Amino acid sequence: MLFSSRFDVLTSPLPEPFAGTVARIDRRQMSQPIAILTAMEQEGRLVEASLDAHRQESWGGRRYVSGTVAQIPIVTAISGFGKVAAAATVAAVLERYRPAKVLFAGVAGGVGRGVAIGDIVVAESLVQHDFDARPLFDRFVVPSLGSARIPADPALTDGLVTAAAEFLAKGGLDPAASSSGTYDPASVTVHRGTIASGDRFIASIADASVLLRDLPDVLAVEMEGAAVAQVCTEAGVPFAVFRSISDRADHLADADFLAFIESVAAPLTAGIVTEFLLALS
Ligand code: ADE
Numbered sequence: 000m001l002f003s004s005r006f007d008v009l010t011s012p013l014p015e016p017f018a019g020t021v022a023r024i025d026r027r028q029m030s031q032p033i034a035i036l037t038a039m040e041q042e043g044r045l046v047e048a049s050l051d052a053h054r055q056e057s058w059g060g061r062r063y064v065s066g067t068v069a070q071i072p073i074v075t076a077i078s079g080f081g082k083v084a085a086a087a088t089v090a091a092v093l094e095r096y097r098p099a100k101v102l103f104a105g106v107a108g109g110v111g112r113g114v115a116i117g118d119i120v121v122a123e124s125l126v127q128h129d130f131d132a133r134p135l136f137d138r139f140v141v142p143s144l145g146s147a148r149i150p151a152d153p154a155l156t157d158g159l160v161t162a163a164a165e166f167l168a169k170g171g172l173d174p175a176a177s178s179s180g181t182y183d184p185a186s187v188t189v190h191r192g193t194i195a196s197g198d199r200f201i202a203s204i205a206d207a208s209v210l211l212r213d214l215p216d217v218l219a220v221e222m223e224g225a226a227v228a229q230v231c232t233e234a235g236v237p238f239a240v241f242r243s244i245s246d247r248a249d250h251l252a253d254a255d256f257l258a259f260i261e262s263v264a265a266p267l268t269a270g271i272v273t274e275f276l277l278a279l280s
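Numbering (numbering that gives the first Met the number 0), first residue to last: 0 to 280.
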């Protein structure tokens with residue numbers, strides 16, 4: 000058995016009330032939505048729950064829920080872990096919903112100096128830390144883009160930084176929302192900079208140090224953002240990525256991650272997304 004029971008939370012089936020019901024969407028009735036994607040149900044469930052008049056369709060093993068927040072059309076989807084899952088999900092969203100912009104949200108491991116559990120990191124650019132087509136191309140360079148760093152849309156990135164600051168200024172999460180003790184709203188910092196993505200959960204100081212040796216400016220590691228960045232850039236669709244820091248990518252990373260996603264990730268993600276959308280409305 001590969002997974003012990005404490006990992007069941009990462010592989011659980013779709014929650015009620017959506018599982019099993021499929022409604023087709025008449026896309027002519029929607030202006031171009033904003034796509035809001037997360038990797039895990041625990042990260043996205045409150046964003047999804049905040050949609051008015053939601054409808055859903057299922058395709059390729061994923062459900063796509065659309066509706067409005069403050070009358071702004073939104074489509075949400077939960078990609079699953081990793082770059083392939085994220086790329087498949089965002090490609091389907093782009094093709095089927097034609098969103099005007101894409102946000103990817105969730106948790107990450109903090110590796111940059113001073114990036115603490117509970118902090119927010121908004122990506123100015125993303126890099127695939129496990130992409131290596133040497134000797135054909137320099138390390139990390141994505142051939143179709145001709146670069147290693149994939150810049151996020153500056154206006155969306157500014158909007159997310161402002162939204163995160165607003166959310167915190169209003170008090171952030173109620174500390175009582177966190178039973179894990181890993182979230183202290185009074186000491187949260189919003190960072191902006193480089194996020195690295197790869198198909199590995201980083202859970203040792205040695206591995207985090209190797210990554211930082213090769214990519215010294217990286218603030219946070221996760222498993223999806225740079226894949227979304229590549230697909231959106233190739234499609235010419237503006238995107239941005241923000242992450243709350245669930246762990247320090249060290250030997251405690253799995254325990255910290257599990258505690259954080261259970262109690263903090265969903266309200267934090269939804270709080271910042273809501274601030275972002277309210278500023279648009
Ligand atoms: N997402 C959250 N924490 C992570 C870590 N330590 N490594 C990769 N992805 C993560």
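For each residue, glycine too, the CB sits at the ideal point set by N, CA and C. Note that the structure is a prediction, hence the values are computed from the model and not measured.
Could you compute how far the alpha carbon of residue i sits from the alpha carbon of residue j?
i      : j      : result
VAL106 : PRO32  : 23 Å
VAL230 : ALA147 : 14 Å
LEU267 : HIS53  : 21 Å
ASP253 : ASP137 : 32 Å
LYS82  : LEU144 : 16 Å
ASP152 : LYS169 : 26 Å
ASP173 : ILE116 : 16 Å
LEU36  : GLY192 : 20 Å
SER243 : TRP58  : 28 Å
GLY108 : ARG95  : 31 Å
LEU210 : ALA38  : 22 Å
PRO123 : VAL141 : It is worth fixing the name first, because residue 123 is Glu in this sequence and not Pro. About 17 Å.
ALA91  : VAL114 : 33 Å
SER262 : LEU45  : 12 Å
ALA154 : THR161 : 11 Å
ILE204 : ARG112 : 13 Å
With 16 as the cutoff for other CB atoms within 10 Å, does residue i come out buried or exposed?
i      : result
VAL8   : In this prediction, VAL8 has a pLDDT of 49, which is less than 50 and means its spatial position is unreliable; what the coordinates show is noted afterwards. Exposed: under 16 other Cβ atoms inside 10 Å.
PRO215 : exposed
PRO134 : exposed
HIS190 : buried
ASP118 : buried
LEU251 : exposed
ASP51  : exposed
LEU159 : buried
SER49  : buried
SER65  : buried
Can residue i and residue j be called in contact, C-beta distance under 7 Å?
i      : j      : result
ALA265 : VAL110 : no
PHE259 : ALA104 : no
ALA85  : VAL217 : no
ALA239 : LEU93  : no
THR75  : GLU47  : yes
ALA225 : VAL126 : yes
PHE256 : ASP249 : no
VAL120 : THR156 : no
ALA185 : PRO98  : no
THR273 : ILE149 : no
Can you tell me which of the three DSSP states residue i falls into?
i      : result
GLN229 : helix
THR75  : strand
LYS169 : coil
GLU223 : coil
SER135 : Ser is not the amino acid found at residue 135; the sequence shown has Leu there. The answer is coil: DSSP assigns LEU135 none of H, G, I, E or B.
LEU125 : strand
GLU47  : helix
PHE150 : The residue you asked about is not Phe; residue 150 is Pro in the sequence shown. PRO150: strand per DSSP, three-state reduction.
ARG191 : strand
ALA185 : helix
GLN55  : strand
ILE204 : helix
LEU279 : helix
ASP246 : strand
SER262 : helix
ALA38  : coil
Name the residue from the options whose alpha carbon lies nearest to the alpha carbon of residue i.
i      : options                          : result
ALA195 : LEU251, VAL220 and SER186        : VAL220
LEU277 : GLU47, ALA69 and GLY60           : ALA69
ASP131 : ASP249, ASP213 and GLU40         : ASP213
HIS128 : PHE256, PHE200 and VAL263        : PHE200
ALA237 : LYS100, THR156 and THR37         : Reading off the sequence, residue 237 comes out as Pro, not Ala. The shortest C-alpha separation from PRO237 is found at LYS100.
GLY60  : GLU47, ILE35, ILE77 and ARG44    : ILE77
GLU223 : LEU93, VAL74, GLU56 and LEU102   : LEU102
GLN41  : ALA151, ALA234, GLY79 and ASP246 : GLY79
ARG62  : PRO72, ASP51, ILE71 and GLY43    : GLY43
PHE275 : LEU45, PHE166, SER57 and GLU261  : PHE166
GLY171 : GLY270, SER30, GLU261 and GLY66  : GLY270
SER280 : VAL187, PRO72, THR188 and ALA154 : PRO72
PHE139 : ALA162, VAL187 and GLY197        : GLY197
THR188 : ALA154, ALA163 and GLU56         : ALA163
SER30  : ALA205, ARG112 and THR67         : THR67
Can a CB atom of chain C be found closer than 7 Å to the CB of residue i?
i     : result
PHE80 : In the structure shown, chain C cannot be found, because there is only a single protein chain.
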